[in-house]
Each structure stands twice: as structure tokens, then as C-alpha cells.
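First residue of the sequence shown: 1, per the UniProt record's numbering; consecutive thereafter. Ideal Cβ placement from N, Cα and C applies to all residues, glycine included. Notes follow once the structure below has been shown.
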Amino acid sequence: MLAGACHRAGVDHTGARLVQLVGNAVFQLARAPIFVKIILNAGLRYRAENSVAAARLLADHGVPAVRLAPVACAQPVHLYGCTVTFWKRVPQAGPPAGSGELAKLLTQLHTIPTDPSLRRWDPIADLRARIAAAADINVEQQRWLRSRCERLAEDLTGMRYRLPRAVIHGDARPANLINTRTGPVVCDLDTVCVGPAEWDLVPMAVGALRFRGHHAAYRELVDLYGYDVTTWGGFATLRRVRELKLVAVAVPMAAGNPRIHSQLRHRLRTLREGADAAWWTPYR
Numbered sequence: 001m002l003a004g005a006c007h008r009a010g011v012d013h014t015g016a017r018l019v020q021l022v023g024n025a026v027f028q029l030a031r032a033p034i035f036v037k038i039i040l041n042a043g044l045r046y047r048a049e050n051s052v053a054a055a056r057l058l059a060d061h062g063v064p065a066v067r068l069a070p071v072a073c074a075q076p077v078h079l080y081g082c083t084v085t086f087w088k089r090v091p092q093a094g095p096p097a098g099s100g101e102l103a104k105l106l107t108q109l110h111t112i113p114t115d116p117s118l119r120r121w122d123p124i125a126d127l128r129a130r131i132a133a134a135a136d137i138n139v140e141q142q143r144w145l146r147s148r149c150e151r152l153a154e155d156l157t158g159m160r161y162r163l164p165r166a167v168i169h170g171d172a173r174p175a176n177l178i179n180t181r182t183g184p185v186v187c188d189l190d191t192v193c194v195g196p197a198e199w200d201l202v203p204m205a206v207g208a209l210r211f212r213g214h215h216a217a218y219r220e221l222v223d224l225y226g227y228d229v230t231t232w233g234g235f236a237t238l239r240r241v242r243e244l245k246l247v248a249v250a251v252p253m254a255a256g257n258p259r260i261h262s263q264l265r266h267r268l269r270t271l272r273e274g275a276d277a278a279w280w281t282p283y284r
């Protein structure tokens, strides 16, 4: 797969190193400053097309973000049922970016004009694709996940938002920023879309509610962005959507990793029991 995609792109894959395998496979090339991203889930291939459109839009409006690598073919590359994109490597410098930097970049991102080349926000489609590919959970658990997904789809219908529709990142966390010598840049553009600005504040809000030690980071985001999404009446629904994603994303990794499997079971149990105050721990 990697060799074939690199051949089309006119780059050498020799010595490439796998740096991530969580839903997507990401390789760092040894002979060019390029990362290669391979989307493995057939139901999520649309994300590659979307990330290419997003990269071009953000570049046009001067938003600091990862840029597409100049290669010898059109992107994305479709090969063997997978979808491949090529990205310029961004050297990290200094400490990791924090919620303050995230707030500033979200403020900039949310002010650029919306564009028809981007997908419209549809978190339920993403969840359905992940649940459909969830081969490592039992039938009853999968049935519950599907039922929860459809209930949330109904809850989102007719939702009234306080903030304007905007270009949003879709998975806005400091982990999706790379700190460089000239400041942080946005990465992981698969989820960039046009949708409610509230959604970009939900990941940090849910992080503060589910993971110990995240409250101060969320307060910093609120102070600098200027809006606390948890005070809005629709937050409970968006929280449920985000939490379901934080369950579904781990399913492909759980079978071969006892720690991930244990945490996945814990998260599922707390969701099913309605234990909103239960702490979660990161997948390891």
C-alpha cells in the first residue's frame, strides 16, 4: 500500500517509519520531509477528500495549518480500497501547545468564510461508520451503540445554536496543534467542516468533565475564546455525541490491548448507567 501510493506520488518510501496506527496509519518518510496518511476504514474515506479541501482553504486564508506536500499526482490517492494523502512535515519546537493557543486559533478559524468545498458537520455519519466497523465488540454492545447513535441523531434535529455556523476543526484539542518556531499550527484536518462553532468547544469541555486535571485548561479556553459552551442548553446533547465518539474510536484498538479493552468497557458501562460524574482515563 505505502509503496504503491509513494510510487504514484513520485516519492521514495524506503526507510519509512510508522508513527501512528489509530484508525489511520501515518508514516514518516526517511528521504523526504513528508508524512503519509492512510485512511483504513472504508466508511471514513471521505475524510481524505475533505482534508485536501480544508488544507487549501486554510492556506488561502492564512490560517497556520499543515500543508499538502507537492507530489507528482492529484491528492488524495485511492489505492487498494484505502485513501492516501501526503503532508509537509512540520518540525515541532518548544513545549506542546496549550488551550490558550487553541483558543486563539479557533477564533481565527471561526471567522473565515464558509466554503462549499467543505463537508457539512455530521458527527452521526462518522459514528455510524465507526460502529459499523466495530468487529471487536459483542452483538449486544454494538446494538446499544447503534441505538444510542440513532437517538442522538434525533436529538440533533432542530437543535438551536447560539454561535454562528462557521468553518470548524471538528476535533479541537491542543493535541491537534503542533508548536513551531513561529507559533502553533493546526493539524489533523480530516474533520474540518462547516458547522456550529459550539462543537469546537465541546472536546475540551468534555475533557474537563471526564478526565482528572483538565479543568484549568478548559477555563483558559473559555476565558480566551469568550464563551462557555457548558452554559448552553444544548451542551448535554453534544456531550453525549462526543462521549460516544470517545468510545467508538477505541474499538479497533481494543482487541490486542488489554488496557484499552478495560478502559473501553469502563466507558461503555458508565455511559449505559448514566454515570456522568465517573472519571475516565486516557487510552494507553
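What's the call for residue i, buried or exposed, on a 16-neighbour Cβ count within 10 Å?
i           : result
P174        : buried
L145        : buried
L238        : buried
R267        : buried
R162        : exposed
G207        : buried
C193        : buried
H169        : buried
A74         : exposed
R130        : buried
H13         : buried
W279        : exposed
E101        : buried
T191        : buried
L18         : exposed
P96         : exposed
V139        : exposed
P258        : exposed
D188        : buried
D126        : buried
R210        : buried
G195        : buried
residue 317 : Summary: the structure shown does not reach residue 317, with the chain confined to residues 1 through 284, and so no result is reported for it.
A275        : exposed
T281        : exposed
Between which two residues does the beta strand (DSSP E) containing residue i stretch?
i    : result
R89  : Premise fails: R89 is in no beta strand (DSSP E) and is neither H nor E.
N50  : That residue, N50, is in no beta strand (DSSP E); its alpha helix (DSSP H) goes 46–60.
R17  : 17–22
L79  : 77–79
P196 : 193–196
V71  : Per DSSP, V71 belongs to no beta strand (DSSP E) and is neither H nor E.
L209 : Per DSSP, L209 belongs to no beta strand (DSSP E); it is in the alpha helix (DSSP H), 202–210.
T107 : Taken as a continuous stretch (DSSP letters only), T107 belongs to no beta strand (DSSP E), being part of the alpha helix (DSSP H) at 99–109.
V36  : 34–39
Would you check if the distance between the CB atom of residue i and the CB atom of residue j is smaller than 8 Å?
i           : j    : result
A67         : A59  : For the sequence presented, residue 67 should be read as Arg rather than Ala. Cβ atoms of R67 and A59: closer than 8 Å.
R119        : V77  : no
N179        : A93  : yes
C149        : L271 : no
I260        : Y283 : yes
V241        : P123 : yes
V36         : A5   : yes
residue 301 : S99  : Nothing can be reported for residue 301: it is not among the residues displayed for the chain, which extend from 1 to 284.
I137        : T83  : no
M159        : G234 : yes
V185        : V52  : no
T114        : A172 : no
G81         : A133 : no
A197        : H61  : no
A3          : G15  : no
A69         : I34  : yes
L57         : M1   : no
How far does the alpha helix (DSSP H) with residue i in it extend, from its first residue to its last?
i    : result
G183 : Element bounds for G183: not the alpha helix (DSSP H) but the beta strand (DSSP E), 183–186.
A216 : 215–225
I124 : 123–132
T14  : Here T14 belongs to no alpha helix (DSSP H), and DSSP marks it neither H nor E.
V251 : 251–254
R165 : Where R165 is concerned, there is no enclosing alpha helix (DSSP H), although the beta strand (DSSP E) it sits in stretches over 165–168.
I178 : Not the alpha helix (DSSP H): I178 falls in the beta strand (DSSP E), residues 177–180.
D155 : 139–156
T237 : 235–248
T270 : 258–273
Is any heavy atom of the ligand FMN found at a distance shorter than 7 Å from the C-beta of residue i?
i   : result
V66 : Ligands displayed in this structure: none; no statement on the ligand FMN is therefore possible.
Could you tell me whether any Cβ in chain C is nearer than 8 Å to the Cβ of residue i?
i    : result
N257 : Chain labels in this structure do not include chain C; a single protein chain is all it has.
Are the region 190–208 and the region 230–238 in contact at 8 Å, needing three or more beta carbon pairs? Yes, they touch.
Do three or more CB pairs link the region 118–133 to the region 34–47 at distances below 8 Å? Here the region 118–133 makes contact with the region 34–47; the two share three or more CB pairs at distances below 8 Å.
For the region 17–31 against the region 241–255, do three or more pairs of beta-carbon atoms, one drawn from each stretch, fall closer than 8 Å, so that the two count as touching? These segments touch.
If you pair each beta-carbon of the region 24–34 with each one of the region 100–109, do three or more pairs fall below 8 Å? Short answer: they don't touch.
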